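The structure appears right after this line, and notes come after that.
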Amino acid sequence: MKENKETGKKIIILSNQIKRSLDRAAVDCGITGVQSHVLGILGEAQDEEKDIFQKDIEEKFQIRRSSVTGILQLMEKKKLISRESVPYDARLKKIVLTQESMKLREHLHNNICEFEEILVKGVSDEDLETFLRLIDILSKNMRQ
198 MKENKETGKK
208 IIILSNQIKR
218 SLDRAAVDCG
228 ITGVQSHVLG
238 ILGEAQDEEK
248 DIFQKDIEEK
258 FQIRRSSVTG
268 ILQLMEKKKL
278 ISRESVPYDA
288 RLKKIVLTQE
298 SMKLREHLHN
308 NICEFEEILV
318 KGVSDEDLET
328 FLRLIDILSK
338 NMRQ
């Protein structure tokens with residue numbers, strides 16, 4: 198067994214720092230960091246002409262259905278998203294951006310690009326690849 202390096206604790210600290218930073222960047226748009234990420238996912242899907250459903254967001258964020266429901270309900274209330282029926286399955290409702298949220302897209306995209314630059318500042322491409330590979334391994338370990 199390897200010596201305890203407090204890996205989990207360090208990941209939690211980094212996760213909290215990232216969340217706070219994203220929240221600060223999004224607050225000037227009147228949304229949270231999580232809402233910003235959801236809008237980003239929806240924008241990418243829209244650009245690729247793909248439908249996105251609640252289940253897709255649950256899987257991308259690895260969070261529970263009830264959490265995603267709350268996030269999406271609040272976003273609907275703020276008129277950032279709407280849910281539309283799809284012709285091929287009456288049970289499904291795709292999530293789409295509203296005109297309001299489309300206006301925020303460029304600003305949010307710039308914030309995220311700036312955030313990513315700050316996050317990886319001083320990290321070599323090789324170290325970043327290693328880090329991302331290790332994060333994937335740790336995440337896989339936690340799903341077992």
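Residue 198 is where the sequence shown starts when you use the working numbering, and the numbers rise one by one after that. Just so you know, even glycine gets a beta-carbon here, dropped at the ideal spot from N, CA and C. Treat the numbers as computed from the prediction; the structure is a model and nothing was measured.
Item: Which residue wins for smallest C-alpha separation from Thr295, given the options Glu256, Leu236, Thr204 and Ile208?; Value: Leu236
Item: Pull the bridge partners of Ile278 from the DSSP assignment, please.; Value: Leu294
Item: Relative to the alpha-carbon of Gly227, which residue among Glu281, Glu314, Met272 and Phe328 has its alpha-carbon at the smallest distance?; Value: Met272
Item: What's the gap between the Cα of Gly319 and the Cα of Glu311?; Value: 14 Å
Item: With distances taken between CB atoms, is the gap from Val293 to Ile315 smaller than 8 Å?; Value: no
Item: Residues in its own chain within less than 7 Å of Glu309 by CB, not counting five upstream and five downstream?; Value: Checking the displayed sequence, the identity of residue 309 turns out to be Ile instead of Glu. So the qualifying residues of the chain are Gly237.
Item: Contact defined as beta carbons within less than 8 Å: I believe Lys290 pairs with Ser282. What is the distance between those atoms, to the nearest angstrom?; Value: 6 Å
Item: Below 8 Å on the Cβ atoms is my guess for Gln243 versus Ile268; work out the distance and round it to an integer in Å.; Value: Wrong, their Cβ atoms sit about 18 Å apart, outside the cutoff.
Item: Assign Arg261 to one of three DSSP states: helix, strand, or coil.; Value: coil
Item: Taking all protein chains shown into account, do 16 or more other C-beta atoms lie within 10 angstroms of the C-beta of Val265, making it buried, or fewer, making it exposed?; Value: buried
Item: In this structure, how does DSSP classify Asp354 when only helix, strand and coil are distinguished?; Value: Residue 354 lies beyond the stretch modelled for the chain, which goes from 198 to 341, so this question has no answer here.
Item: Does the beta-carbon distance from Arg171 to Glu255 come in below 8 Å?; Value: No information on residue 171 is available, as it lies outside the stretch 198 to 341 that the chain covers here.
Item: Quick one: does the C-beta of Gly240 sit closer than 7 Å to a heavy atom of the ligand NAP?; Value: What this structure holds is no ligand at all, so the ligand NAP is not there to describe.
Item: Thinking Gly240 and Arg302 are a contact (beta carbons under 8 Å), I'd like their distance in whole angstroms, please.; Value: 5 Å
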